[in-house]
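Structure first, commentary second.
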Amino acid sequence: MSVSTPKSTSVFAVFILAGFLIHPPSMAYGAYDDTRGFRNAADLLNQGRYLESIGTYQEIVSHSDEEGNKARALLYMGTIYGLFLDQYDAALTQYDRVIRDYPDHEIAAEALFNRGTVLYENGRFKQAHGSFAQYLKAYPDEKRRQSAEIWADSAKHRIGEKTSEAAPPPLTGGSEPTMRVLIRDHVTRITLDSETALIISGVSGKRLYSGTGPAAFTQRGSFLLLNGRSLNSDRCRAESKQPTISLDGHRFRGTFTLTAETEGIRVVNHLPPEQYLYGVVPREMSSGWPKEALMAQAVAARTYALYIQSKSRDKVYDVVSTTSSQVYGGYDAEMENTNSAVDLTRGQVITHRGKLIVAYFHSNSGGHTEDAKNVWSADLPYLKGSPDRFSVQKPGSTWDYVIGYADLRDRLNRYGMDVGSIQALEPVGKTPSGRIASFKVISDKGSHVLRSNAFRIKMGATKLKSTLVGIEIDRSGVRFKGKGYGHGVGMSQWGARQMAEEGFGYQDILKHYYRDVDIVALTLP
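Here it is, written out as structure tokens:
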């Protein structure tokens, strides 16, 4: 008998769910605003902030009054682990939680199906067959019954087949030859200029405009207008014979695509990854810092960008130009020292077991970096905390922040909480790095326990600079006395500077802050 081997993988199985992640459904909610939570998590996912998205879904699991929403959040966490982080065991853990804790909810069927595809893809055919058989028995009328039958049949015939851990695919310079950087979104007007010919082309490639500019774009309905005249199209491409194009007075390398969206004009900058980094490194680290620190920053930024790009094939852009991804300032931000750091490390990236890592970095660890799982509940083997003497006694490494009870309440409620008059704020546990693990907020409407970084974001990440803090409470409010700046995960930029000043090379810096990694060079065109 011939067997129809599934051509799809667990990636395909969870991709169907990715639509819900990108366009979150409307949810009922109680004291905690689930709708806002799902929307925030989806926004973080779309920005490539996968760990932060998992943390937000975990917040829904912890605070929602709706069992269905808890189940859905767990399912989405599994999706992110499997589809965006390649952490398949972690994905299975989330699916198992849905199946165990919410067996009567419709989401359990999705979790069981996805569980089977993940097991199949990882060569665990006996377990995969069991999952699909269980799915067919428990959900005989589900829409994926036919697919489940094919998967189950294939898994059954492959039981006993010898499998070995597949070698990771060869690393390349990204899924596309260019980075796609979101520069503007939902704007009503933008203006392009060039020192020589600026060429505007339609979708078909037909030239619509040629001149130095200014080319002012507005929108009427679903069409773009160029200098007040309709292009009869919702998109166009802009390029120049010069190395740069000016957008609203700021110069950028590469080309632009402009699209008329429902909420305004979207502008995406297309350029080679190395040129993108020219505009990133000086915005993420001072160009006057030591060369080896700048080179470490260049490699970390390149790795992060290419990782996000590899997961963005179905989006119209890879990264955004703000702190939501990495700050990108275009050509006007470029500096000689930082361009040199990019050139000296051309194509070099950080890998763990042959795969790109999510190379998080922050300003200052305060003396000890942090495990990713203690910040966002997402555990990655190369993002582990360790002592960091290089970040101690740096400028701004200690600070105070005072907040009144009314302001504290209002900030929490802006994020969908239901907090009344504050009665107490209590630290709950500490991580091995010395950071507060969670905060318990007690009000006349009850109590809420928040992971410390989620609490920090709600307070304002530039005010409550880290969770490596002590707290003092009086009648008027709370004083936080802290160390460090940022989430503490991955590379400390101030620590990188100190290491460089002490004579460490950029690879030494990266291997200090990222666990069990290699620095390898991609083949770039």
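Using this note's numbering, read the sequence shown as starting at 13 and increasing by one per residue. Every residue, glycine too, gets a C-beta built ideally from N, C-alpha and C.
What three-state label does DSSP hand residue i in the structure shown?
| i | result |
| --- | --- |
| Tyr7 | Because the chain spans 13 through 537 in this model, residue 7 falls outside it and cannot be assessed. |
| Val414 | strand |
| Lys82 | helix |
| Tyr221 | strand |
| Tyr497 | strand |
| Leu270 | strand |
| Phe451 | strand |
| Ser258 | strand |
| Ala533 | strand |
| Asp391 | coil |
| Met39 | Low local confidence applies: a pLDDT of 42 at Met39 is under 50, so the model's placement there is unreliable, with the coordinate-based value given in what follows. Looking at Met39 - three-state DSSP - the assignment turns out to be coil, as it is neither helix nor strand. |
| Glu382 | coil |
| Met511 | helix |
| Ile277 | strand |
| His117 | coil |
| Asp197 | strand |
| Lys367 | strand |
| Gln405 | coil |
| Met307 | helix |
| Glu161 | helix |
| Lys138 | helix |
| Leu33 | Low confidence applies here, because Leu33 scores a pLDDT of 48, under 50, leaving its location unreliable; read the following figure in that light. The answer is helix: DSSP assigns Leu33 an H, G or I state. |
| Ser377 | coil |
| Arg192 | strand |
| Met503 | strand |
| Glu173 | coil |
| Val331 | strand |
| Leu243 | coil |
| Gln360 | strand |
Thinking just about the alpha-carbon of each residue, which of the options is nearest to the one in residue i?
| i | options | result |
| --- | --- | --- |
| Ile434 | Tyr427, His262, Gly458 | Gly458 |
| Gly496 | Ala466, Tyr427, Gly408, Ile454 | Gly408 |
| Glu64 | Ile485, Ser464, Gln510, Ala436 | Ser464 |
| Phe229 | Arg468, Glu71, Gly240, Gly500 | Gly240 |
| Tyr413 | Lys327, Glu438, His460, Val490 | Val490 |
| Thr479 | Tyr417, Val404, Ser377 | Ser377 |
| Pro393 | Asp205, Leu368, Arg401 | Leu368 |
| Tyr62 | Tyr329, Pro115, Tyr372 | Tyr372 |
| Lys609 | His460, Arg487, Gly500, Ser455 | Past the boundaries of the shown model lies residue 609; the chain is included only from 13 to 537, so the question cannot be answered. |
| Phe235 | Ser252, Gln254, Val215 | Val215 |
| Gly515 | Pro302, Leu534, Ile415 | Pro302 |
| Ile111 | Ser76, Gly94, Ala150, Phe137 | Ala150 |
Can you list, in chain order, the residues of its chain with a C-beta nearer than 8 Å to that of residue i? Leave out the 5 residues immediately preceding and following it.
| i | result |
| --- | --- |
| Thr443 | Glu382, Asp383, Asn386, Gly397, Ala449 |
| Gly472 | Arg423 |
Ordered along the chain, which non-local residues of its own chain (more than five positions away) have a Cβ less than 6 Å from that of residue i?
| i | result |
| --- | --- |
| Asp98 | none |
| Tyr107 | Gly90, Ala123, Asn126, Arg127 |
| Ala140 | Gly128, Leu131, Tyr132, Ala167 |
| Leu33 | The predicted position of Leu33 is uncertain, since its pLDDT is 48 and thus under 50; no value can be drawn from it. |
| Pro399 | His380 |
| Met347 | Pro294, Ser299 |
Note down, in chain order, each residue of its chain lying with its Cβ closer than 7 Å to the Cβ of residue i, except the 5 sequence neighbours on either side.
| i | result |
| --- | --- |
| Asp530 | Thr363 |
| Val293 | Leu306, Gln309, Ala310, Ala313, Thr350, Ala353, Val354 |
| His117 | Glu79, Gly80, Ala83 |
| Met429 | Tyr44, His460 |
When DSSP builds the beta bridges, which residues end up paired with residue i?
| i | result |
| --- | --- |
| Ala250 | Ile212, Phe268 |
| Thr203 | Ala228 |
| Phe235 | Arg232 |
| Pro439 | Phe451 |
| Leu462 | Phe451 |
| Glu484 | Arg491 |
Are residue i and residue j closer than 7 Å when you measure CB to CB?
| i | j | result |
| --- | --- | --- |
| Arg310 | Thr357 | Note on identity: in this sequence residue 310 is Ala, with Arg being the wrong assignment. Yes, the Cβ-Cβ distance between Ala310 and Thr357 is below 7 Å. |
| Ala10 | Asp246 | Given a span of 13 to 537 for the chain in the structure shown, any question on residue 10 remains unanswerable. |
| Ser403 | Gly60 | no |
| Ile202 | Ser333 | no |
| Gly276 | Thr200 | yes |
| Ile483 | Phe492 | yes |
| Arg192 | Val280 | yes |
| Leu289 | Arg265 | no |
| Leu243 | Leu220 | yes |
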